[in-house]
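> Listed in order, the protein sequences are those of chains W and C. Be aware that the first sequence starts at 470, since it is given in my numbering, and climbs by one per residue. Be aware that the second sequence starts at 136, since it is given in my numbering, and climbs by one per residue.
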Amino acid sequence: MAKRIELDINGKRYPVDYPADTALLYVLRDELGLTGSKYGCGEGQCGACTVLIGGAPRRSCQIPVSAAAAKPITTIEGLEKDGRLNPVQQAFLDAGAFQCAYCTSGMIISSVGLLQTNPNPSRAEIVQFLQGNVCRCGTHPRIIDAVQQAAKMIEEHGR
Amino acid sequence: MSEPSGKFVLEPERYEFAAAPMHQFELARRDFFKLLGAGIAVFAIAKDATAEQETAPGHRSFHNEEWPKDINAWLHIGEDGTVTGFTGKAEIGQNARTELAQTIADELRVPFESVRMVMADTALTPFDAGTFGSRTTPTITPQLRRVSAAARDILVEAAAKNWNVAPEGLVAADARVSDPASGRSLKYAELARGKTLAQNLPAEDPVTPAPQWTIAGRAIPKVDGRAFVTGRHQYTPDLRPAGMLYGKVLRPPSFGATLTAYDDSAAKAMTGVFVVRDGEFVGAAAPSADEAQSALDAIHAQWKEVPQIANKEIFSYLKQNAAAKTDDRFRKQRGSVEEGLASAAHRVDATYTVAYIAHAPLEPRAAVAQWADGKLTVWTGTQRPFANRDELADIFHLSESDVRVIVPDTGSAYGGKHTSDAAIEAARLARAAGRPVKVVWTREEEFTWAYFRPAGVIEVKSGIASDGTLTAWDFHNYHSGASGIDTPYVVLNQRTEYHPVPLILRSGSYRGLAATANHFARETHMDALTRAARMDPLDFRLKNLSDPRLRAVMEAAAKSFGWPHKKTQERQGFGLACGYEKGSYVATFAEVVVDKSSDAVRVARMVEAFECGAIVNPDGLRNQVVGAMIQGLGGALFEAVEFENGRIKNPHFASYRVPRFRDVPEIETILLDRKDIPSAGAGETPIMAVAPAIGNAIFDATGIRLNNLPMVPNGLRSA
């Protein structure tokens, strides 16, 4: 049964009427038009749907909307502030770290999550952290470079 | 799918043929400018066989305007100076949009930022057979150069007329025409103002040679990059036209199953749900994807299934079911293989196999279909918008002019998005619902109901003289395809033959087609011959190669890799492979380390040298080359579709393993820029030599020769 749930997404509050077990991804995409989070597998295996929930990267295709209600959610749409890209977005852009770019939202959000807990990750730590994010175009080396570059930008200029 | 037209033969694989549309129409110029606004338009006319592969004898557009015939590119310069290039090619992550805009900016002498590309929209762009076969760069960049050069001439002539001077003394640069004699200049925008000037290009115009390119040849970042890093770009699954419903299709339990009993009364009773049964097609559209799925779940359907073979039996099946006699097109012979084998000092014979693999594009097949006044518009991620349009017209008994297919920049394809499955499903449901319908395949549907890179068996017999010269080469590919089947090595006695076998699983194009399979067999076999000759693998290849471009990539990669490489640890090995295809050349070197306790194979390093003539965008090219290397690593080591009785047994990312971050080795690419050679495509060839280079390195590390792709799906021990 549909139930009124209030979501806090990118600093805005959204009341939605959805069955409690609907996955957050479909509410974001189909109800709220936040289509930057992608459907890639619906099974938590590819990372294209990753959002931050309470600052931690989560597969939104695996999170029931009811479980996402209590905490602030950040999607790819929420990273750009006053026309200024998040350093991770900027670093991906600078590195040309995407081809078809369908995985890019998930890669960027996951990397933002990583840098929040580990501001200066080694290559091995980035590889470990992004292991659950699939890129089929094979842009992995540039993605790793971009995350390291973003870490440097944050260190020098802040978030 | 249409049969080969007989006019050209590109590849003997399915799906890469297209018959030309039936009708020819003349352009009504008035209508063209109504759509695009005033300005100057130039059309390029196909004039040679290569161009014909992309074009067709004209077509009627969605709005029933009559488009020019024999056109495969056009260009419009608006009154505000905006330059728009039009091509039927699609952007699927290969970065064609950027390189094509660069090409126009370069030739027209305008800033890169002032050019935009309209791509893959059957109502707005010229007919195009499809985005495949590494053809965009070699066919469309020259066409866009010619229309751009012609447009520049028109602008210069307009300025000359304006000033009453001879055009020869005028200079076109930086979006202006200038007269150095008088110091006057006019912007292109000023020259285009108020004009509705269209010119069909007979076109022998000289274009700018690569050494003089200023905007092409540079590492310009991907157009609209910001839209991708902010999530603003809308792929097909992101579209939500007003009133849209979500569509789902009831899939049979196995391939070839037919309905024997059917009851949809419970589903039809659901509020807001439209259920369609049309032959074997059953689908539902509803206000949400969940409701559409619930409707399908409520349908009572019984299916009659047919027994089918399993992947474990596939290779013997292929051998047994090959056609007794092959088409002459698929057979090449020179000298006498029998004599060459008899005179050989060493002989090596071997059989190789390749498994079915899946493209697994991260954006699954998807389409949004909308009907209005009996006309159909479909947004879909496809490599073949015009073929999709023709298929939709055929299926729904419409004229081509009543179907419009638009391809939003798409979340990759790799040869996997030639067909119009999701488009047909969405259109059928939308017609029943009377509202727009979106169909997005689930990952399981993508892994099951798409088509696969075909499996194959390859048999090789060969001989060498005592000095390592090849004396005989006998090469037979069963089922997987003929791409890249010809050996680049000099062999006086050789026979190559492709043996078609009727399809088992639905099969089609995959990045590089069968070139990957044929290079795997050939280059693995060359390595085995190297060992028989007790020669260095690089020396052995160079001894038998005459093609200077292939030698050049080999030598460049060898230098960067550090060949011959000294082993620094136990169970470390080095391997190499090379080849050419579709006008581009590749050499790949690999280092592997096999774990002592687990026998896990780790590719530690790959170096690849690639040459495709004059490079249009080295940054985009490097992405394509590295991407192909990583994608190739998956098929080399662990990717395989498992099936039994018409069911796919591993239709998930959890069970179908694709390359992930941990699999990615240290990678180095060397791009050789040959400004004296026309640009070739680069989407496919860089994948070809990856598997044999890795396999040869595994042999070097362990002495174990792996002749089957994937080589180590469960580690070396089970191989």
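Note that beta-carbon positions come from the ideal geometry of N, C-alpha and C, so glycine has one too.
Report the residues of the stretch 775-804 of chain C with a CB closer than 9 angstroms to any CB of chain W, ordered along the chain.
His787, Phe788, Ala789, Val793, Pro794, Arg795, Phe796, Arg797, Asp798, Val799, Glu801 and Ile802
> Round the Cβ separation of glycine 382 of chain C and alanine 420 of chain C to the nearest angstrom and send it over; I've been treating them as touching at under 8 angstroms.
Working through the second sequence from its first residue, we reach residue 382 of chain C at position 247. Working through the second sequence from its first residue, we reach residue 420 of chain C at position 285. Correct: roughly 5 angstroms between the Cβ atoms.
> Once the 5 residues before and after threonine 504 of chain W are set aside, which same chain residues still bring their CB inside 6 angstroms of it?
The residue you call residue 504 of chain W lines up with position 35 of the first sequence. For threonine 504 of chain W, where only same-chain residues beyond five positions count, the Cβ hits under 6 angstroms are Arg498.
> Whole angstroms is fine: what's the gap from threonine 274 of chain C's alpha carbon to glycine 265 of chain C's?
Walking along the second sequence from the start, residue 274 of chain C turns up at place 139. Walking along the second sequence from the start, residue 265 of chain C turns up at place 130. Distance between the alpha carbons of threonine 274 of chain C and glycine 265 of chain C is about 12 angstroms.
> Would a check of beta-carbon distances place leucine 756 of chain C closer than 7 angstroms to chain W?
Counting from one through the second sequence, the residue named residue 756 of chain C turns up at place 621. So no, leucine 756 of chain C is outside the interface.
> Counting C-beta neighbours from all protein chains within 10 Å, is the total for glutamine 122 of chain C 16 or more, i.e. buried, or is it exposed?
Outside the shown range of chain C (136 to 854) lies residue 122 of chain C, about which nothing can therefore be said.
> So what's alanine 471 of chain W in DSSP terms, helix, strand or just coil?
For the purposes of this step, residue 471 of chain W is taken as the residue at position 2 of the first sequence. Alanine 471 of chain W: strand per DSSP, three-state reduction.
> Can you tell me which of the three DSSP states phenylalanine 521 of chain C falls into?
Position 386 of the second sequence, counted from the start, is the residue given in the question as residue 521 of chain C. Note: phenylalanine 521 of chain C maps to helix in three-state DSSP.
> If we count Cβ pairs, one from each stretch, closer than 8 angstroms, do we get three or more for the stretch 463-483 of chain C versus the stretch 624-632 of chain C?
yes
> Cα-Cα, which of C:Gln278, C:Met846, C:Ser249 and C:Glu579 is closest to alanine 789 of chain C?
Within the second sequence, the letter at position 654 stands for residue 789 of chain C. The candidate whose alpha carbon is nearest that of alanine 789 of chain C is C:Glu579.
> What's the gap between the Cα of valine 542 of chain C and the Cα of leucine 685 of chain C?
Translated into positions along the second sequence, residue 542 of chain C becomes position 407. Translated into positions along the second sequence, residue 685 of chain C becomes position 550. If you take the alpha carbons of valine 542 of chain C and leucine 685 of chain C, they lie about 37 angstroms apart.
> Could you tell me which chain C residues have their CB closer than 7 angstroms to the CB of cysteine 518 of chain W, listed as they occur along the chain?
On the first sequence, residue 518 of chain W is found 49 positions in, with the first residue counted as 1. By Cβ distance, chain C contributes nothing, its closest Cβ being about 11 angstroms from cysteine 518 of chain W, past 7 angstroms.
> Under three-state DSSP, which class holds isoleucine 542 of chain W?
Start at 1 with the first residue of the first sequence, and residue 542 of chain W comes out as number 73. It is a strand residue.
> List, in order along the chain, the chain C residues whose C-beta lies closer than 9 angstroms to that of glycine 505 of chain W?
Taking the first sequence and counting its residues from 1, one reaches residue 505 of chain W at position 36. Those are Thr365, Gly366, Arg367, His368 and Asp373, listed as they occur along chain C.
> Determine the direct distance from the alpha carbon of lysine 224 of chain C to that of phenylalanine 773 of chain C, and round the result to whole angstroms.
For the purposes of this step, residue 773 of chain C is taken as the residue at position 638 of the second sequence. For the purposes of this step, residue 224 of chain C is taken as the residue at position 89 of the second sequence. Looking at the two C-alpha atoms, the distance is approximately 32 angstroms.
> When DSSP labels each residue in this structure, what does tryptophan 298 of chain C get in the three-state scheme?
What you label residue 298 of chain C is simply residue 163 of the second sequence in a count that begins at 1. Helix at tryptophan 298 of chain C.
> Label arginine 524 of chain C either buried or exposed according to how many other C-beta atoms from any shown protein chain fall within 10 Å of its C-beta, with 16 as the threshold for buried.
Here residue 524 of chain C refers to the residue found at position 389 of the second sequence. Buried, by the Cβ-count rule.
> Can you tell me which of the three DSSP states tyrosine 624 of chain C falls into?
Here residue 624 of chain C is taken as the residue at index 489 of the second sequence, counted from 1. DSSP, reduced to helix, strand and coil, places tyrosine 624 of chain C within a strand of the structure shown.
> Answer with yes or no whether the minimum CB distance from valine 503 of chain C to chain W is below 7 angstroms.
Residue 503 of chain C sits at position 368 when you count from the first residue of the second sequence. Not one chain W Cβ lies under 7 angstroms of valine 503 of chain C.
> Does the stretch 536-551 of chain C come close enough to the stretch 751-761 of chain C to have 3 or more Cβ pairs within less than 8 angstroms?
no
> Taking 7 angstroms as the threshold (beta carbon to beta carbon), is glutamate 594 of chain W in contact with chain C?
Mapped onto the first sequence, residue 594 of chain W falls at position 125. So no, glutamate 594 of chain W is outside the interface.
> Could you pull out every residue in the same chain whose Cβ sits closer than 6 angstroms to the Cβ of proline 786 of chain C, ignoring the five residues on either side in sequence?
Within the second sequence, residue 786 of chain C is the residue found at index 651, counting from 1. Once the five neighbours on either side are set aside, the close Cβ partners of proline 786 of chain C are Glu579, Phe582 and Thr583.
> Taking just the CA atoms, how far does lysine 510 of chain C sit from threonine 517 of chain C?
Here residue 517 of chain C corresponds to residue number 382 of the second sequence, with the count starting at 1. Here residue 510 of chain C corresponds to residue number 375 of the second sequence, with the count starting at 1. Each residue's Cα considered, the two are about 20 angstroms apart.
> Compare the C-alpha of aspartate 288 of chain C against each of C:Val312, C:Asp811 and C:Gly816 and name the closest.
To locate residue 288 of chain C, count along the second sequence from 1; it is residue 153. Comparing Cα-Cα distances from aspartate 288 of chain C to each of C:Val312, C:Asp811 and C:Gly816, the minimum goes to C:Val312.
> For chain C, find out if any of its Cβ atoms is closer than 7 angstroms to the Cβ of isoleucine 545 of chain W; answer yes or no.
Here residue 545 of chain W is taken as the residue at index 76 of the first sequence, counted from 1. Chain C contact via Cβ: present.
> Mind checking who cysteine 713 of chain C pairs with in its DSSP beta bridge?
Taking the second sequence and counting its residues from 1, the one referred to as residue 713 of chain C is at position 578. Answer is C:Ala722.
> From what residue to what residue does the alpha helix (DSSP H) around histidine 614 of chain C run?
For the purposes of this step, residue 614 of chain C is taken as the residue at position 479 of the second sequence. Here histidine 614 of chain C belongs to no alpha helix (DSSP H), and DSSP marks it neither H nor E.
> According to DSSP, what are the bridge partners of proline 484 of chain W?
Indexing the first sequence from 1 puts residue 484 of chain W at position 15. DSSP, once it has assigned bridges, lists W:Glu475 as partnering proline 484 of chain W.
> Determine the closest residue to glutamate 474 of chain C out of C:Arg792, C:Ala692 and C:Leu627, with distance taken between C-alpha atoms.
For the purposes of this step, residue 474 of chain C is taken as residue 339 along the second sequence, with counting starting at 1. For the residues C:Arg792, C:Ala692 and C:Leu627, the minimum Cα distance to glutamate 474 of chain C belongs to C:Leu627.
> In whole angstroms, give me the CA-to-CA distance for histidine 435 of chain C and proline 388 of chain C.
Here residue 435 of chain C is taken as the residue at index 300 of the second sequence, counted from 1. Here residue 388 of chain C is taken as the residue at index 253 of the second sequence, counted from 1. When rounded, the distance between both Cα atoms is 13 angstroms.
> Would you please verify whether the beta carbon of glutamate 325 of chain C is less than 7 angstroms from any beta carbon of chain W?
Taking the first residue of the second sequence as 1, we reach residue 325 of chain C at position 190. Chain W, which has no Cβ nearer than 7 angstroms to the Cβ of glutamate 325 of chain C, makes this no.
> Any beta-carbon of chain C closer than 7 angstroms to the one on tyrosine 483 of chain W?
The sequence position of residue 483 of chain W within the first sequence is 14, counting from 1. Not an interface residue.
> Are the CB atoms of glycine 172 of chain C and alanine 324 of chain C within a distance shorter than 7 angstroms?
Residue 324 of chain C sits at position 189 when you count from the first residue of the second sequence. Residue 172 of chain C sits at position 37 when you count from the first residue of the second sequence. Between alanine 324 of chain C and glycine 172 of chain C, the C-beta gap is not smaller than 7 angstroms, which leaves the two residues out of contact.
> If you draw a straight line from the alpha carbon of valine 342 of chain C to that of threonine 349 of chain C, how long is it in whole angstroms?
As a first step, residue 342 of chain C must be located in the second sequence, where it is residue number 207. As a first step, residue 349 of chain C must be located in the second sequence, where it is residue number 214. Going from the Cα of valine 342 of chain C to the Cα of threonine 349 of chain C covers about 13 angstroms.
> Comparing C-alpha positions only, which one of W:Ser535, W:Asp490, W:Arg611 and W:Gly516 sits nearest to glycine 582 of chain W?
Translated into positions along the first sequence, residue 582 of chain W becomes position 113. It is W:Gly516 whose Cα lies nearest to the Cα of glycine 582 of chain W.
> Could one say the Cβ of proline 556 of chain W lies closer than 7 angstroms to chain D's Cβ atoms, at least one of them?
The structure shown contains no chain D; the protein chains it does contain are W and C.
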